[in-house]
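Notes follow the structure.
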Amino acid sequence: RSRSGGTGGAGRGADGQQAAHEEQRRTDELSALRRELEEQREAEVAALQVILDRAGVSPGVIDGRMGSNVNKAVAAYHEMTGRLLDATSPQALLEELYATGGPAVVEYEITNEDVSGPFVASIPSDYAEKATLPAMSYERVSEMLAERFHMDEAYLKEINPGADFTRPGTVLRVMDTGSNVKTPVARVVADKGREQVRAYDEYGRLVVAYPATIGSSATPSPTGTHTVARIALNPNYTYNPKINFQQGNNT
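In terms of this note's numbering, the sequence shown opens at residue 1 and continues consecutively.
The following block contains the structure:
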């Protein structure tokens, strides 16, 4: 009876281990499926963001995630084109992608110019220290390329796992946002309610819309109608705490 009882205990132990292994297998399969669905959903949202970006209604950085900027861009796209984009319909997104320039994702090869910079080790948080920098350069190649392709830096790295951003010749997957909108603009509106900067043509049709932080309680933006007197490309900005705003001990 002693040997029989021992064998039964071993059997129950083996059955328990098998059940535990089976449960772990099911958990791993569900986790893998969940990741696959999440990646698929991110790809669909990124495709939506690319469509919006190509049209000149920016959804903010392309990151594969829905949010208020995306929703506002979808509304602006509907206002501009009369079409309502459905982020839950892969077929509709695919058709709209090919109607506006092709696949959302293209390949890009990092060049020698990309890695040569100039870059800075870090950007100081203090505005007085920022003012001493020769330029507000990027800190790394991935940051620069993310901005070039209108992408969130973390998302760029996510869809290029293991990529060496410091090596010329590295091939990346990036978003194809197309060229800039070239329709002449007659009127620009800084819409505080929508938190968007919008531009219209001479007939009052929406041309572009971009998310924007328009003023603050400390530095409120002016309200009213203004005329553009001149255009400065890459203008110099001087931080003056007596005129702009104070930060820390900057006075």
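All C-beta atoms, glycine included, are put in the ideal place defined by N, C-alpha and C. Only a predicted model underlies this, so the values are computations on that prediction, with no experimental measurement involved.
Return yes when the Cβ of A232 is within less than 8 Å of the Cβ of A212, no when it is not. no
For Y203, the first and last residue of its enclosing beta strand (DSSP E): From DSSP, Y203 is part of no beta strand (DSSP E); its letter is neither H nor E.
Pull up the DSSP beta-bridge partners for Y108, would you. L172
To the nearest whole angstrom, what separates the beta carbons of V174 and M144, a pair I think is in contact under 8 Å? Contact flag wrong, Cβ pair sits at about 12 Å.
With respect to the beta strand (DSSP E) encompassing V188, which residues constitute its N-terminal and C-terminal limits? 187-191
Quick one: Cα of V181 to Cα of Q246, how far? 37 Å
Of the listed residues A131, D201, P59, nearest to N240 (C-alpha basis): A131
Could you give the first and the last residue of the continuous alpha helix (DSSP H) run that contains Q91? 90-99
Identify whether M151 lies in helix, strand or coil by the three-state DSSP scheme. strand
Helix, strand or coil, according to DSSP, for I51 in the structure here? helix
Boundaries (first-last residue) of the alpha helix (DSSP H) holding N71: 68-81
Just checking my contact of D176 with V106 at CB under 8 Å: how many whole Å lie between their CB atoms? 4 Å
Mind checking L52: buried by the 16 CB within 10 Å criterion, or exposed? buried
Return the bridge partner residues of P211 from the DSSP annotation. Q196
Taking only the alpha-carbon atoms, compute the straight-line gap between V141 and G16 and give it to the nearest angstrom. 52 Å
Simplified DSSP assignment, three categories, for V181: coil
Between the stretch 198-206 and the stretch 67-84, do three or more beta carbon pairs fall short of 8 Å? yes
Using 8 Å as the cut-off, can you tell me whether the stretch 95-115 makes contact with the stretch 161-175, which would need three or more C-beta pairs spanning the two stretches below that distance? yes
Where Q49 and A199 are concerned, what is the direct C-alpha to C-alpha distance, given to the nearest angstrom? 19 Å
Are L97 and P90 close, meaning C-beta to C-beta below 8 Å? no
Below 8 Å on the Cβ atoms is my guess for G101 versus G178; work out the distance and round it to an integer in Å. 5 Å
Simplified DSSP state of V57, which is helix, strand or coil: strand
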